[in-house]
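> Our numbering numbers the first residue of the sequence shown as 2 and each following residue consecutively.
Quick reminder that beta carbons are idealized off the backbone N, C-alpha and C, glycines included.
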Amino acid sequence: MKDKEITPKAPASPPAKPEERTHRETNPNGSSMLARTRRAGPAAMALVVGLAALTAQASETELVRDIQRYCTVCWRNARLDPTLWDDCTQEVCCRLLTKARAGELELALVLSDDTPERRELVRAIDMVRKRVQRTKRHTPIDSLDVGGPDHDQRQRDRIELGEILEAARRAVLSPRQDRIVELWMRGWTVPEIGTELAMPVNRVSDEKYKALRKLEQHLSGRGEVLV
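(1) Provide the residue span of the alpha helix (DSSP H) that contains residue 192, from first to last.
(2) Kindly list the residues whose CB is nearer than 6 angstroms to the CB of residue 81, restricted to its own chain and excluding five residues on each side of it in sequence; keep chain order.
(3) Suppose you measure from the CA of residue 218 to the CA of residue 173; what does that come to, to the nearest Å?
(4) For residue 197 versus residue 178, is the C-beta spacing smaller than 7 angstroms?
(5) Determine the direct distance from the alpha carbon of residue 201 to that of residue 111, and round the result to whole angstroms.
(6) In whole angstroms, what separates the C-alpha of residue 213 from that of residue 78?
(7) Where does residue 82 fall in DSSP's three states?
(8) Look up residue 111 in the DSSP assignment and say whether it is helix, strand or coil.
(9) Measure the Cβ-Cβ separation of residue 229 and residue 129 and say whether it is below 7 angstroms.
(10) Tell me the residue span of the alpha helix (DSSP H) that contains residue 201.
(11) For residue 205 and residue 182, which I take to be in contact (beta-carbon distance under 8 angstroms), what is that distance rounded to the nearest angstrom?
(12) Counting only the same chain and skipping the five closest in sequence on each side, list residues whose C-beta sits under 7 angstroms from that of residue 109.
(13) Could you pull the start and end residues of the alpha helix (DSSP H) that residue 105 belongs to?
Below, the structure is given as structure tokens:
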């Protein structure tokens, strides 16, 4: 893949405000399997990225942002559906962060020229890009009730991952921490969460960190495979 100049990522759409949340979001017991699948994927992946990046050094966190910008350029050049960019980028980041934490690659070298780490980045991007393009050829992207065996397995994997994370949240988080994590997974910013819960911003940030640390320790102790 030819290297492209990294351009700033376009601002994401603002998350839904409290008054815009639907009954389905606040009452998951009434959700259909299709709606559950659509929620579990991006939400679970967002939490996985957060957990994987939790113990990273500040320099590594900045590298992750650079990788995300690089991926965005790749998705744009490949003309993928913009609504899928974030999910695709999270999948690539999960793969790289997991390998880095396992000592299989140096994250700092991922964007360097002609390194095994750079080739791993290219492989991860190509894998995700080809899968999305293949799905687009055979099945409408926004139609999740029809798909081949691979598509169905990915959906089952995402649901299973979401269930693992939900069980971990119930096991180790306080009600307040669980609510903070839930809103954060939905894309809310720390200030927005603070307003919703009537909490100071620094308290929200601290509770979110503690919650992610609890989840990471719990899942690591159980040997759960997140990626």
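The structure says:
(1) One-based indexing of the sequence shown puts residue 192 at position 191. Its alpha helix (DSSP H) spans residues 191 to 198.
(2) One-based indexing of the sequence shown puts residue 81 at position 80. Cβ within range, chain order: 133.
(3) Numbered from 1 along the sequence shown, position 217 holds the residue referred to as residue 218. Numbered from 1 along the sequence shown, position 172 holds the residue referred to as residue 173. Each residue's Cα considered, the two are about 10 angstroms apart.
(4) The residue labelled residue 197 in the question sits at position 196 within the sequence shown. The residue labelled residue 178 in the question sits at position 177 within the sequence shown. No; because the gap between Cβ atoms is not below 7 angstroms, this pair is not in contact.
(5) By one-based count along the sequence shown, residue 111 stands at place 110. By one-based count along the sequence shown, residue 201 stands at place 200. About 37 angstroms.
(6) If you number the sequence shown from 1, residue 213 lands on position 212. If you number the sequence shown from 1, residue 78 lands on position 77. Distance between the alpha carbons of residue 213 and residue 78 is about 34 angstroms.
(7) Here residue 82 is taken as the residue at index 81 of the sequence shown, counted from 1. Reduced to three states, the DSSP call for residue 82 is coil.
(8) Mapped onto the sequence shown, residue 111 falls at position 110. It is coil, neither helix nor strand.
(9) Absent from the structure is residue 229, since the part of the chain shown begins at 2 and ends at 228.
(10) Taking the first residue of the sequence shown as 1, we reach residue 201 at position 200. Note, residue 201: premise wrong, no alpha helix (DSSP H); not H, not E.
(11) By one-based count along the sequence shown, residue 205 stands at place 204. By one-based count along the sequence shown, residue 182 stands at place 181. About 11 angstroms separates the two Cβ atoms, so there is no contact after all.
(12) On the sequence shown, position 108 is the one that residue 109 refers to. Within the same chain, residue 109 has close Cβ partners 64.
(13) Locating residue 105 in the sequence shown gives position 104, counting from the first residue. Careful: residue 105 lies outside any alpha helix (DSSP H) and carries neither H nor E.
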